[in-house]
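Participant: Quick note on the UniProt record's numbering: the sequence shown kicks off at 1 and runs consecutively.
Where a beta carbon is used, it is the ideal one built from N, C-alpha and C, also for glycine.
No experiment lies behind these values; they were computed from the predicted model shown.
Before I ask anything, let me first share the structure, which is written out below as structure tokens.
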Amino acid sequence: MALFRDEVIAAKRMQQRGALLVATPPSVRWIAIAGVVFLAAIVAVLFFADYTRRERVGGELASSDEGQNALSRVSGVVTHVLAREGQAVKSGQEIARISLDVGGDGGIGAYAEVRRKLQQQHERLRAEIDDKVQLQKGEQEALRQRARNISSRIAAFDREIELQQSLIASASARLERFKPLVKEGYVSGMQMEQQEAAVVQAKTSLSSLQRERLQSGQDLATVNSQIRQYPQQSRNDRSEVERTLIGLEQELAKNEAQREVVIRAARDGMVVNLLIADGVSVVAGQPLFQIVRPGSPLEARLFVESRAVGLLQAGQRVVMRYPAFPYQKFGQQWGTIKSVSTKGLRAAESAVFTDNPGQREKMAPLYQVVVALDDQSIAAGGGHLALRSGMQVEADLLIERRKIVSWLLDPLAGMQKRMANGSEAR
């Protein structure tokens, strides 16, 4: 019986030929090296690369001068906007008109109905005054014509009186010549009596003409007096109607003043931040526009939703684009946040920044972010194009910059914090 098994003796023989080696292909080695390098690159990106959270918002350019805010004194509907964004205005110039007369089911407001009735009364009284004026003109012309007729009659009486006086003088002279002839018997007594009767008749006719002439003179004096007094009498006749007309005009003016409020510029300057348009409803105290001094540097007024405003603060950089100057050709512009509003704009104030009317009531409050521009102009073709107040702005707010690994670990950190809060609550 042998001391060792056959398998042991066979294994010893094989060891004399050398150890068994497994050959590794070169491609596998390179793949392993590439994998290690790739993994190292991913780790480097995670721990050393940054990612900046951006929020795209819109707004417009405006003057940096705080200016003077114009607030609505009443609630109503804007009927006319008489100025445009960026327009230069003078103190006291009309900017807008707000109507308080909101129509009911019939579409006619109470002020408009009162105005219509007052205008109808005004037109009736004006027509009555015009009729009186025409009637008075006719009456005055009739008095003048009567005075002319009386003057003509007086002139005729004067000629007749003068003729009659001539006849009396001739008859009296003939009567004086008859007296000696009667004594001598050349003329009969009857002829003498006839001559005396002719003289008496002529004198009677003269007296009658003089009385008529005197009466005509009195009539002329009366008519002339009426003509002189007629203007005052006419004014007196019209005064009552005119007083009523003036009262109606005052009522109309009062009604118009209550019906429509005129918003005027409080000082010389330029209209910016025009937040109203024809047909827009406003409430008392709502901002309408601002008046700023021309030449003030421009700044961007951006309007940010509440979900993106929490981490914004002064000093952060902003990338901006102006639709008026396409960024593909003119590039992007930079600015720095100056301030972030602490109070959101209401839907009525922010509705001007959306083109969808149906979205106005659903819009969340917007916060105003003021950005100082690095440049007040755009470089183009070797020159510079000036920016203008009211131009639209698209901007990317660089809200938060962190390592990529920090973004990836945020959910875990949040879960750990919630668990910690839950354990403390228990």
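For the alpha helix (DSSP H) containing residue 450, list its first residue and its last residue.
Facilitator: This structure cannot settle anything about residue 450, because the visible part of the chain is limited to 1 through 426.
Participant: So the beta strand (DSSP E) Tyr327 belongs to, where does it begin and stop?
Facilitator: Careful: Tyr327 lies outside any beta strand (DSSP E), inside the alpha helix (DSSP H) at Tyr327 to Phe330.
Participant: Can you find at least 3 beta carbon pairs, one from the region 127-140 and one from the region 309-322, that sit closer than 8 Å?
Facilitator: no
Participant: Check whether the region 66-85 and the region 35-45 are in contact - that is, three or more C-beta pairs closer than 8 Å.
Facilitator: no
Participant: Less than 8 Å between the CB atoms is what I'm expecting for Val371 and Thr336, so what's the real figure, rounded?
Facilitator: Val371 to Thr336, Cβ: 7 Å. Contact.
Participant: Using alpha carbons as the reference points, say which of Leu163, Pro26 and His122 lies closest to Arg243.
Facilitator: Per the Cα distances, His122.
Participant: Counting pairs of Cβ atoms below 8 Å between the region 77-97 and the region 261-271, do you hit three or more?
Facilitator: yes
Participant: Here's the rule I'm using: 16 or more other beta-carbon atoms within 10 Å means buried, otherwise exposed. How should Gln164 be labelled?
Facilitator: It counts as buried.
Participant: Among Gln134, Gln290, Ala253 and Val28, which has the Cα closest to the Cα of Arg235?
Facilitator: Gln134
Participant: Which word fits Gln195, buried or exposed, when buried means at least 16 other C-beta atoms lie within 10 angstroms of its C-beta?
Facilitator: buried
Participant: Measuring only the C-alpha atoms, how far is Leu275 from Lys117?
Facilitator: Leu275 and Lys117 have their C-alpha atoms spaced approximately 35 Å apart.
Participant: Can the beta-carbon of Gly76 be found closer than 8 Å to that of Ala265?
Facilitator: no
Participant: Just to confirm the assignment: which complete alpha helix (DSSP H) runs, minimum length 4, are found wholly within the region 187-261?
Facilitator: 189-259
Participant: Pull up the distance between the alpha-carbon of Ala324 and that of Gln392, whole angstroms please.
Facilitator: 8 Å
Participant: Just to confirm before moving on: does the CB-CB distance between Ile246 and Val89 stay below 8 Å?
Facilitator: Judged by their CB atoms, Ile246 and Val89 are not nearer to each other than the 8 Å cut-off.
Participant: Mind checking who Thr336 pairs with in its DSSP beta bridge?
Facilitator: Bridge partners of Thr336: Arg317 and Ala372.
Participant: Mind reading off the beta-carbon distance from Leu373 to Glu299? Whole number of angstroms is fine, and I expect it under 8 Å.
Facilitator: 6 Å
Participant: Can you look up Ser91 in the DSSP assignment and give me helix, strand or coil?
Facilitator: Reduced to three states, the DSSP call for Ser91 is coil.
Participant: When DSSP builds the beta bridges, which residues end up paired with Leu61?
Facilitator: Ala300
Participant: Going by the DSSP bridge assignment, what does Gly76 pair with across the sheet?
Facilitator: As a beta-bridge residue in DSSP terms, Gly76 pairs with Val282.
Participant: Leaving out five residues on either side along the sequence, give the residues of the same chain with a beta carbon under 6 Å from the beta carbon of Ala171.
Facilitator: Ala198, Val199 and Ala202
Participant: Considering only C-alpha positions, which residue in the set Gln87, Gln119, Gln120 and Ser72 is nearest to Ile98?
Facilitator: The candidate whose alpha carbon is nearest that of Ile98 is Ser72.
Participant: Can you give the Cα-Cα distance for Ile154 and Ser208, rounded to whole angstroms?
Facilitator: 13 Å
Participant: Throw me the rounded Cβ distance for the residue 445 and Gln333 pair, which I believe falls under 8 Å.
Facilitator: Because the chain is modelled from 1 through 426, residue 445 falls outside the range shown and cannot be assessed.
Participant: So, at 6 Å on beta carbons, what are the nonlocal neighbours of Thr222 in its own chain, with the 5 sequence-adjacent residues on each side left out?
Facilitator: Taken in chain order, the list of residues that qualify is empty.
Participant: For Gly59, count neighbouring Cβ atoms within 10 angstroms of its own Cβ and tell me buried if that reaches 16, exposed if not.
Facilitator: Buried, by the Cβ-count rule.
Participant: Just curious, the beta strand (DSSP E) that Ile378 is in, first and last residue?
Facilitator: Ser377 to Ala380
Participant: I'd like to check one pair, Asp158 with Arg124: are the Cβ atoms closer than 8 Å?
Facilitator: no
Participant: Which whole-angstrom value is the C-beta distance of Asp237 and Lys137, which I expect to be below 8 Å?
Facilitator: Not quite, the Cβ-Cβ distance comes to about 13 Å (not below 8 Å), so this is no contact.
Participant: Taking a contact to mean a Cβ-Cβ separation below 8 Å, would you say Val261 touches Leu100 in this structure?
Facilitator: yes
Participant: Could you tell me the distance, in whole angstroms, from the CA atom of Gly315 to the CA atom of Asp375?
Facilitator: 16 Å
Participant: Could you check whether Leu366 and Gly382 sit closer than 8 Å to each other, using their CB atoms as the reference points?
Facilitator: no
Participant: Going by DSSP, what residue range makes up the beta strand (DSSP E) through Ala70?
Facilitator: Boundaries of the beta strand (DSSP E) around Ala70: Gln68 to Leu71.
Participant: Nearest to Asp278 by alpha carbon, out of Ser27, Val78 and Ala62?
Facilitator: Val78
Participant: Pick from Glu193, Met190 and Ile168: whose alpha carbon is nearest that of Thr204?
Facilitator: Ile168
Participant: Could you work out which residue in Ser306, His384 and Val36 is closest to Ile399 when comparing CA atoms only?
Facilitator: Ser306
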